[in-house]
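Per this note's numbering, the sequence shown starts with residue 34, numbered consecutively. The block underneath contains the structure these notes are about, expressed in structure tokens.
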Amino acid sequence: MGWLDRVTDQVDALTKARDLQEASRSAEACVLLDQVLRTTSDPFARADARVQRLSALINLGRTAEFTRAIEEASTAVRDLPEPYLHGHLHALAALAAHHQGALDRCVTHLVRAARMLDAVEDPDRDTAWGWHDLAMTYSYLSFHGYALTAIEKARQLGLAAGIPEETFAAPGIRLRNAVALDHNGDSDGCLRVLRDIAADLDRFRRTGRAGRLRPSSLAAYGYTVARRAALGDPVETGTENDPVRLLGFGGDSARARDFRQLGKVCLAVAEGRPAEAITRLDTASVSTETLGAAEPARLRSIALTTAGDHAGAHRADRMAFRLAAQRNDRLRDVYIDGIAARIDHEEMRREAARFEGEALTDPLTGLPNRRRLERHIAGMVNRGERLVIGVCDLDGFKAVNTRHGHHSGDLVLQRVAGVINRVMRRGDFVARYGGDEFVVVLAGTGIEEAAEVSRRVDAAIRTEDWESLVPGTPVRVTIGFAEVNAGAPLGRDAIRAAFDAADQQMLHAKSRTRPG
């Protein structure tokens, strides 16, 4: 039995309100839902209308009304033993809290939403929408892996309930992932993700399914095309993929309005009008949540570069990096300060693993940090698995900091992290050990296979375009490998010995490459 099967009053009106929101006509949905609330006495209908109304207000960006709407919806669902309803409400409350800047409340609601939606015994199309809204909140928080997992859950449940795949295409989730890469210095990675998103739109067009895409999705595809153009990819004008046409979709969605404003900035840059792009940025009013607080600063940097103002572009890039880092710091603080204090111990025990990554991740590169690396290796050794440790050290990094400053050094570290991670094999592990040193852990591998991995990493670093990032300062990497003796009686000593051996191999390799 699905959720709406429990509702005995005004089901047609509630269904129509859903359809209006899917069509990005949330203002009309609000009017219809208010009418239901004035006339129904059915507690299930009232609860559904309250949850839907909160969703509509979030779509419209009516932030001032969020608190009251959450209180009214919470009152309406409190006594109804329906996991879907509570799960969807928590997902929406998390989204509202995020827009209000209340990250601790947001994460608390996220934990509860995931638990409640997982508890639904007979998931239906409404449960799928609950997972969709949860995925969107994960995405806004930059928990991109969780967002992709949740949207895939929504897609699978939706397909089982007869919802077309394209309804949950959710390009906005991957779009936020792409621009986050660019904010952290990986423009090549950003372009790859943007091109993948555009390829999905082409696939929907080829199979005749593009007409069933939600208007908000079309607006996100429009920004995808425009953002690619700002980074140098060609623009298709006068076609169905024309970014101006796509950006015109989205109805009354607040996010679509933001896409349109920033999309015009991107297109002005792509068409050689950087002064117009900067003027548009000066007058734009966009939510920092749509694409991250760093996006306007990053677009300003791209525009200033196009205009030839490289010093100004560098300042704007530094601002973008600081804004992106601030978000990571705030998220880490939320975790460290203890969501556990707001949820009982047993609940937190089950959910803490989802957020533990924040405390085990290097905030600059997004890679696992030294603490997580040590746990990973210890676990492999305890299981008796064969592994090789590789110590990677950057050559020329001191010159980068000396000639170009520490911000450029940070960008180089981020780029190197992305390159190494990209060329690793499935099942391998990459971490930042500290400073300009990275460590790779190769599973089920011997020294001979490690040599091939070393060649692959070295080739990828050498072919990267360092000249555009740190002109006149080449960046190279030297790697030393050593095999861990997993059968040794003292596992910690075996690990330490392998690290020392790999470090010595790296220093020996570095000395061989020095001139003279």
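No residue lacks a Cβ here, since even glycine has one placed at the ideal position from N, Cα and C. As the structure is a computational prediction, the values presented were derived from the model and not from experiment.
Residue burial classification, residue i (beta-carbon count within 10 angstroms, cutoff 16)
| i | result |
| --- | --- |
| Leu523 | Only weak support is given to the placement of Leu523: the predicted model assigns it a pLDDT of 46, under 50, and the value that follows is read from those uncertain coordinates. By the neighbour-count rule (16 or more Cβ atoms within 10 Å), Leu523 is not buried but exposed. |
| Thr141 | buried |
| Lys431 | exposed |
| Val144 | buried |
| Pro248 | buried |
| Ile494 | buried |
| Ile480 | exposed |
| Gly423 | buried |
| Arg228 | exposed |
| His541 | exposed |
| Asn415 | exposed |
| Arg459 | exposed |
| Glu418 | exposed |
| Met539 | buried |
| Arg293 | buried |
| Ser74 | exposed |
| Gly549 | Low per-residue confidence applies at Gly549: pLDDT is 41, beneath 50, and the placement is therefore not dependable enough to give any value. |
For residue j and residue i, the rounded distance between their alpha carbons
| i | j | result |
| --- | --- | --- |
| Ile376 | Asp469 | Annotation note: pLDDT 49 at Ile376 (below 50); position unreliable, coordinate value reported separately. So the alpha carbons of these two residues sit roughly 39 Å apart. |
| Phe462 | Val277 | 42 Å |
| Gly325 | Leu181 | 17 Å |
| Arg51 | Ala62 | 8 Å |
| Asp370 | Asp275 | Annotation note: pLDDT 46 at Asp370 (below 50); position unreliable, coordinate value reported separately. The alpha-carbon atoms of Asp370 and Asp275 are separated by roughly 46 Å. |
| Val445 | Thr478 | 29 Å |
| Ala437 | Val508 | The question names Ala, but residue 437 is His in the sequence shown. The alpha-carbon atoms of His437 and Val508 are separated by roughly 13 Å. |
| Thr41 | Asp155 | 19 Å |
| Leu203 | Ile311 | Residue 203 is actually Ala in this sequence, not Leu. Rounded to whole angstroms, Ala203 to Ile311 spans 29 Å at the Cα level. |
| Tyr368 | Leu393 | Note that Tyr368 has pLDDT 49, beneath the 50 cutoff, so the model's placement of it is unreliable and the number below is only indicative. About 11 Å. |
| Ala152 | Leu122 | 14 Å |
| Gly284 | His439 | 44 Å |
| Asp443 | Val510 | 16 Å |
| Asp350 | Thr240 | 40 Å |
| Ala106 | Leu113 | 12 Å |
| Val110 | Pro76 | 8 Å |
| Val433 | Val449 | 13 Å |
| Arg489 | Gly134 | 43 Å |
| His343 | Ile206 | 31 Å |
| Ser172 | Arg545 | 46 Å |
| Asp536 | Thr506 | 25 Å |
| Arg238 | Glu273 | 9 Å |
| His378 | Gly412 | Confidence is the limiting factor: at His378 the pLDDT is only 46, short of 50, which leaves the residue's position unreliable, though a coordinate-based value still follows. So the alpha carbons of these two residues sit roughly 25 Å apart. |
| Ala289 | Arg209 | 14 Å |
| Lys186 | Arg158 | 12 Å |
| Tyr117 | Tyr256 | 33 Å |
| Arg101 | Asp67 | 14 Å |
Beta-carbon gap between residue i and residue j smaller than 9 Å
| i | j | result |
| --- | --- | --- |
| Pro78 | Val44 | Looking at the sequence provided, one finds Ala at residue 78 rather than Pro. In contact: Ala78 and Val44 (Cβ atoms closer than 9 Å). |
| Gly513 | Ala530 | no |
| Phe201 | Gly191 | yes |
| Ala346 | Leu337 | yes |
| Ala308 | Arg405 | no |
| Val302 | Ala317 | no |
| Leu167 | Ala183 | yes |
| Asp219 | Gly451 | yes |
| Leu251 | Phe282 | yes |
| Val421 | Val472 | no |
| Gly94 | His132 | yes |
| Ala243 | Glu199 | yes |
| Pro396 | Ala358 | yes |
| Ala146 | Gly120 | yes |
Option nearest residue i by Cα separation, candidates the options
| i | options | result |
| --- | --- | --- |
| Cys139 | Asp151, Ala124, His439 and Arg416 | Ala124 |
| Arg455 | Leu65, Glu105, Val226 and Tyr117 | Val226 |
| Ala213 | Leu332, Ala301, Asp275 and Asp498 | Leu332 |
| Asp215 | Ala147, Ser334, Arg39 and Leu87 | Ser334 |
| Ile91 | Arg145, Glu273, His119 and Ser57 | Ser57 |
| Asp315 | Cys425, Thr496 and Leu295 | Leu295 |
| Leu136 | Arg313, Gly442 and Glu322 | Glu322 |
| Leu65 | Ala80, Ser74 and Arg86 | Arg86 |
| Val258 | His119, Cys223, Asp155 and Ala450 | Cys223 |
| Gln447 | Leu400, Glu418, Val433 and Val421 | Leu400 |
| Thr108 | Glu269, Leu174, Arg408 and Val84 | Val84 |
| Gly195 | Trp162, Ile206, Thr73 and Asp219 | Trp162 |
| Ala231 | Arg95, Arg39 and Tyr254 | Tyr254 |
| Gly429 | Phe292, Ala147 and Lys543 | Lys543 |
| Thr398 | Lys49, Asn217 and Leu37 | Asn217 |
| Ala484 | Phe532, Leu279, Glu516 and Ala129 | Glu516 |
| Tyr466 | Glu407, Ala476 and Trp499 | Glu407 |
| Glu104 | Val503, Ala129, Ser441 and Glu269 | Ala129 |
Cβ-Cβ separation, residue j to residue i (assumed contact under 8 Å), whole Å
| i | j | result |
| --- | --- | --- |
| Ala127 | Thr170 | 5 Å |
| Leu15 | Ala82 | Because the chain spans 34 through 549 in this model, residue 15 falls outside it and cannot be assessed. |
| Ala327 | Ala353 | 4 Å |
Any chain B beta carbon closer than 9 Å to residue i
| i | result |
| --- | --- |
| Val69 | Looking for chain B here will not work: only one protein chain is present. |
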